[in-house]
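Notes to accompany the following structure.
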Amino acid sequence: MTIEKTKIMIFVSTGRCGTVRLSQILQKNLNEDFTVLHQIGISRIANVIGNILYLLKLNSENIKKRIYKKVQSQNKNKFLINTDPLTAMLIPKE
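In our numbering, the protein residues as written are 445 to 538.
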């Protein structure tokens, strides 16, 4: 029986400086299949929209999916990594 080693990456946000640095490290170490951004253009508004939808208990999945697709369509590479937690409120469940 062979056990393969697995790399596990854990992200811990320590505030704005931590997420900026994390973005810099990832940009330096990942290949061209990855786009790494600290903040996307709609990060702040995404956070506001997500929080409003959450607080008002609105069925927000359709809105989240539309915004998420728009963000993904702007990415030209295979994978997009965003280290800014402000956009987390707009990640759809599926």
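C-beta atoms are modelled at their ideal positions from N, C-alpha and C, and glycine is treated no differently.
Discussion item. Would ILE535 and LYS514 qualify as a contact pair, given that the criterion is a beta-carbon distance under 8 Å?
Written reply: No. Outside cutoff.
Worksheet item: Among GLU505, SER467, LYS520, which has the Cα closest to the Cα of ASP477?
Response: Comparing Cα positions, the closest option is LYS520.
Worksheet item: Considering LEU524, what are the terminal residues of the beta strand (DSSP E) in which it resides?
Response: 523-526 is the span of the beta strand (DSSP E), which, as asked, contains LEU524.
Discussion item. Give me the DSSP bridge partner(s) of THR479.
Written reply: Looking at the DSSP assignment, THR479 forms a beta bridge with LEU524.
Practice prompt. Excluding the 5 residues preceding and the 5 following GLN468 in the sequence, name in chain order all residues of the same chain whose CB lies nearer than 6 Å to its CB.
Written response: Excluding the 5 residues flanking it on each side, GLN468 has no same chain C-beta neighbour closer than 6 Å.
Worksheet item: Among LYS501, ASN503, THR527, which residue has its Cα nearest to the Cα of THR463?
Response: Nearest to THR463 by C-alpha distance, out of LYS501, ASN503, THR527, is THR527.
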